[in-house]
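Undergrad:
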Amino acid sequence: MARFRGALLLLLAIGTACAPPPPVPSPSAPPLQVEYAGCKAVLVPGPVCVLDPSRKLQIWVGAPDAGIEIQVDGRRIDTAAELIRDGQRFSLVLPSGAKRVDVLVAARRDQEPWSLSFGKPEALQRDLQGEIRRAMLRVDENIRSRQLSTARKTLQSVNELPPEAPAESHFLTGFYRGALAQREGDYRRALDEFQRSVEIAERVKLDVYKRMAEEVLALLLREMGRSRESAELFKRLNETSQAASPDVEARLLNNQAWSALLAREAGERFKDPTPLLERVLETYAACECLEERVTVMLNLALAHLQEGRLSKAKDLLAQARALEPHGPIPRTLWRLDLEARIARREGRPEEALSLFDDLEELASGASSPDGRLRAAFGQAQCQRDLGDQAAALETLRKAEALLDAQSLQVPVHEGRETFVATRQAIVSFHIELLLDQGQIPQALEAARRARSRVLRQLAHADRLASLPRDRRAYWARLLMDYQERRAALEARAKNDWKLPGDQRRQERAARRLEAEAVKKLLDKAFLVFGDSEERPEEEGFPPRPGELILVYHQLSPTGWVGFAAAGKTVTARRFELPPAIPSRPTKELGRQLLQPFSAAIRKADRIRVLACGRLQGVDFHALPFDGDILLASVPVVYGLDLPVSTASAPAPERHALLVADPRDDLPGALAEARKVLKVLNSGFRPWSTEELKGEEASAETVRGRLENAGLLHYAGHGTFSGSGGWESSLLLAGETQLTLGDLLALNQQVPAWVVLSSCDTGRSSTEIPVSGLGLAQAFLLAGSREVVASTRPAADREVPEFFAELYQHWDREPDLAVALQHAQLSWRKRAPGEDWASFRLFEP
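Here it is in structure tokens:
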């Protein structure tokens, strides 16, 4: 378990705050954004800063390029500025007897200065900083004892700090709002508050506060499944902790070990942290820090349990119980979990089930969603051990519903899919139990729901109709706000070149902040569906006539199950794959993935592949089969597996929009567009066409044309980046872009068919065992019917000829899957050494 105690509040004097705005700000000169820290006390009314004996003060001004003047008692002082967090930080040592400090913009004498007075405590004044510190000490104790409602009330009482509050107070209230949100499973709020706390501490050089906030942020990232970012943050913290005291270093090592334990709980390959924890326990052996010792003992017991050292784990649990018979709820939750797991491992399922029942009761009462999930997983395992399969399946069904609800607390753009992935053990156990019971169709549906869990939460076409009118209006307002603010950002980006260097840096920093705010707005819009009434379980598309659905789900690091569904017939086969699965087709992969279902494949007219995890990177259509490749036998599509749509969409207009070489750096795209235009205009079923090329193809123009297009052909640069692919985009003219979020916000204003001739537009993460997002997936979620896109970079391709041939086949054959099959086989024959297999047809 992680440690962050109220001792944080005692390490530094409290104080960070936004300075009071000027009484009458000039309309042309907005008030300065200033934060300050270092006061021993902040007295109100005033504010009056009581300096400590060092007389040091940190001031941060949110104006990175302005000339800032610092005056003390009306006299200018020379002090160097540090550029930090899109602003300037000044470290001052005030002279004895100083009465006032003023911050001015040297070139804007019409702007009110920011001011802070110094003095001594007066009888009629109260210490605002001290009040906040004492309130947060109470909140810390409430959170540690799981009195969350009491903590919430205290935080609400100081929710709106007065403008004269110092920066430390802003840090502490934000830090503990994040801590409370994390305890309640509200990862969205916790992440936001901890990130803001880190920023505040960095701006005003509260180094100890910053370290504490970064430690809990690293742990939160680990809980959300973002292990790489968590490990990098812990690495940096370790590198900068050389001068830390032994207890601070011990806390950091314990938190780092706890992060590794969580990763191992999720099935990730992390080194056994036992040596780290033993080192921490030795550090705490000589101190009167009972809580810290008990926490490390529980963590060490979990490490031993993970390695199968049951006797050592039991000994540590006994020692911890002797030291702390009635510990706080967080430690009690983990102690119950560990004791239950040991009892089950030792063949005492009845006792283990009773302990897991206690864990569920305590976790429910303490509002611990993660504790409830651990309890459900353990209960189901014990019920299975006791032969009550029906009870185990019902427990797992409820656990998956809880996982659905809990995942909504993670922002869609901040790793929701990785959060779900770290809890896949529950899903895999559910599927295995269904398979063991011979419930193959039910196991297939469980695998499909698990695979598409995050994507289903973003699908909204049919769900809009079921929302009350006011909620639909709220959704529409949020999307409109998102679109307007994104358009404004793109318009600002086009004017960068007009700004001098210093202003350009400031403008880009401001745009980054606005871009983050806009992403949160889209996340808020999708919560309209997440917090609506619970819907019945949705099923994915059933197989179409003549279609075979192939589904693959990972059950363990090397264990997999494959399903084949045709009509009402479902078969399943388990198999093993090495941890490192080759992404390119091999005979062995073809044998393992296709051969068990060869009879069904030979009967199929069409195959829909639903793969997960590392298998998402495998080109199934290029796998060896029956002496050739699978695509030679049957057309292949790749599905998102969203619920069946009940909407009756009108037939799309035969109007094609071509976007070619929007950045003027891809001459081959222009040649491609000319060939495609010729085919579309002269076919048996001709299209009316519109072309946007070069500087014509700005984001604003492209967005405006999409609504009236039945087909979009994009020939340009695509990018795949960001957590969960959320920074992916189509690059457009004037440094603008069409982002993944932009596509989701289009709300059915997308072409029915999309062809993306660019790098990585069909790519999604293959590192997680669930379906993630990419540009092709975003188009489908927004309402497109079919998308042709590439899963890899587009180097060394004969793409102009390929796409011209694709449209020629599609003109004669209305099934785009068949047209793509013929075009790819032709390309393969014409240029067998090229990467023809990287293009796929994606469907909902």
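In my numbering, the protein residues as written are 262 to 1105.
Don't be surprised by glycine CBs; every beta carbon is placed ideally from N, CA and C.
Taking the C-alpha atoms as reference points, what is the distance between P424 and F379?
TA: Taking the straight line from one Cα to the other gives about 17 Å.
Undergrad: Applying the 10 Å Cβ sphere with the 16-neighbour rule, what's the burial state of T907?
TA: Any reading at T907 needs caution, since the residue's pLDDT is 45, under 50, leaving its predicted position unreliable; the model's value is listed next. It is exposed - the Cβ of T907 has fewer than 16 other Cβ atoms within 10 Å.
Undergrad: Rounded to a whole number of angstroms, what is the C-alpha to C-alpha distance between K780 and G1002?
TA: Whole-angstrom Cα-Cα distance: 7 Å.
Undergrad: Curious, which full-length beta strand (DSSP E) runs of at least 3 residues does the region 303-372 contain?
TA: 309-312, 317-322, 329-333, 336-338, 342-345, 348-354, 361-366, all fully within the region 303-372.
Undergrad: Quick check: the Cα distance between L522 and F531, rounded to an integer number of angstroms?
TA: Those two C-alpha atoms are separated by around 8 Å.
Undergrad: Would L1001 count as contacting chain B if we go by Cβ distances under 7 Å?
TA: Protein chains in the displayed structure number just one, and chain B is not present.
Undergrad: By alpha-carbon positions, which one of V364, K785, R316 ends up nearest to P356?
TA: It is R316.
Undergrad: Decide if the region 459-476 is in contact with the region 688-697; the criterion is three or more beta carbon pairs, one per stretch, under 8 Å apart.
TA: Segments in contact, no.
Undergrad: Taking the alpha-carbon positions, what's the D1096 to S1051 distance?
TA: The straight-line gap from Cα to Cα measures roughly 10 Å.
Undergrad: Take G1023 as the anchor and find which of Q1038, P1030, S1032 has the nearest alpha-carbon.
TA: When only C-alpha atoms are compared, the closest one is Q1038.
Undergrad: Tell me the DSSP bridge mates of A827?
TA: Paired residue(s): T830.
Undergrad: Whose C-alpha, out of E549, A637, D533, M485, is nearest the C-alpha of L563?
TA: Per the Cα distances, D533.
Undergrad: Check the DSSP bridge columns for C300 and list the partner residues they point to.
TA: The partner list for C300 (beta bridge, DSSP) reads L312.
Undergrad: Below 7 Å CB to CB, which residues in the same chain sit around K575 once its five sequence neighbours on both sides are set aside?
TA: Around K575: I603.
Undergrad: Does the distance from the C-beta atom of A298 to that of A474 stay below 7 Å?
TA: Cβ atoms of A298 and A474: not closer than 7 Å.
Undergrad: List the endpoints of the continuous beta strand (DSSP E) containing H916.
TA: Counting along the chain, the beta strand (DSSP E) containing H916 begins and ends at 916-921.
Undergrad: So, L719 versus L1042, is the Cβ gap smaller than 7 Å?
TA: The answer is yes: Cβ separation under 7 Å.
Undergrad: From the DSSP output, read off the bridge partner residues of V897.
TA: In the DSSP output, where bridge partners are listed per residue, V897 has I868.
Undergrad: Given 8 Å as the limit, is there contact between the region 915-928 and the region 957-968, that is, 3 or more CB pairs closer than that?
TA: With the cut-off at 8 Å, the region 915-928 and the region 957-968 touch.
Undergrad: Quick check on this structure: which residue in D889, L993, P857, A682 has the alpha carbon closest to the alpha carbon of T1027?
TA: Minimum Cα distance to T1027 is reached at A682.
Undergrad: Is the beta carbon of V295 sitting closer than 7 Å to the one on V322?
TA: The answer is yes: Cβ separation under 7 Å.
Undergrad: Along the beta strand (DSSP E) that carries S1051, what are the first and last residues, could you check?
TA: Unbroken beta strand (DSSP E) run through S1051: 1047-1051.
Undergrad: In the DSSP assignment, the alpha helix (DSSP H) including R733 goes from what residue to what residue?
TA: Where R733 is concerned, the enclosing alpha helix (DSSP H) stretches over 730-755.
Undergrad: Under the DSSP definition of a beta bridge, which residues are partnered with Y975?
TA: Per DSSP, V920, L1017.
Undergrad: Since F436 is in the alpha helix (DSSP H), which residue starts that stretch and which ends it?
TA: Looking at the DSSP string, the run of the alpha helix (DSSP H) that includes F436 is 428-444.
Undergrad: Leaving out five residues on either side along the sequence, give the residues of the same chain with a beta carbon under 6 Å from the beta carbon of Q332.
TA: So the qualifying residues of the chain are D363.
Undergrad: On the DSSP bridge assignment, give the partners of K954 in chain order.
TA: DSSP lists A921 as partners of K954.
Undergrad: Taking M485 as the reference, which of I1029, W1071, P1093, H1070 has the closest Cα?
TA: Measuring from the Cα of M485, the nearest candidate turns out to be I1029.
Undergrad: Taking just the CA atoms, how far does V1015 sit from R738?
TA: For R738 and V1015, the distance between alpha carbons rounds to 27 Å.
Undergrad: Check whether the Cβ atoms of V1060 and E933 sit closer than 7 Å, and answer yes or no.
TA: Their beta carbons are under 7 Å apart, which means V1060 touches E933 by this criterion.
Undergrad: Bridge partners for H814 per DSSP, in chain order?
TA: Note: H814 sits in a beta bridge opposite V822.
Undergrad: Please report how far the alpha carbon of L941 lies from the alpha carbon of S1018, in whole angstroms.
TA: Using only the alpha carbons, I get a separation of about 16 Å.
Undergrad: Starting from the C-beta of R677, find all residues in its chain whose C-beta is less than 6 Å away, skip the five residues before and the five after it, and write them out in chain order.
TA: Result list for R677: S668, V671, V715, in chain order.
Undergrad: Could you work out which residue in R875, Y813, Q853, P840 is closest to R869 when comparing CA atoms only?
TA: If we check each option's Cα against that of R869, Y813 comes out closest.
Undergrad: With respect to the alpha helix (DSSP H) encompassing W987, which residues constitute its N-terminal and C-terminal limits?
TA: Where W987 is concerned, there is no enclosing alpha helix (DSSP H), given that its DSSP letter is neither H nor E.
Undergrad: For L938, I'd like the list of residues in its chain whose CB is within less than 7 Å of its CB, leaving aside the five on either flank, ordered along the chain.
TA: Same-chain partners within the cutoff: L919, T950, E952.
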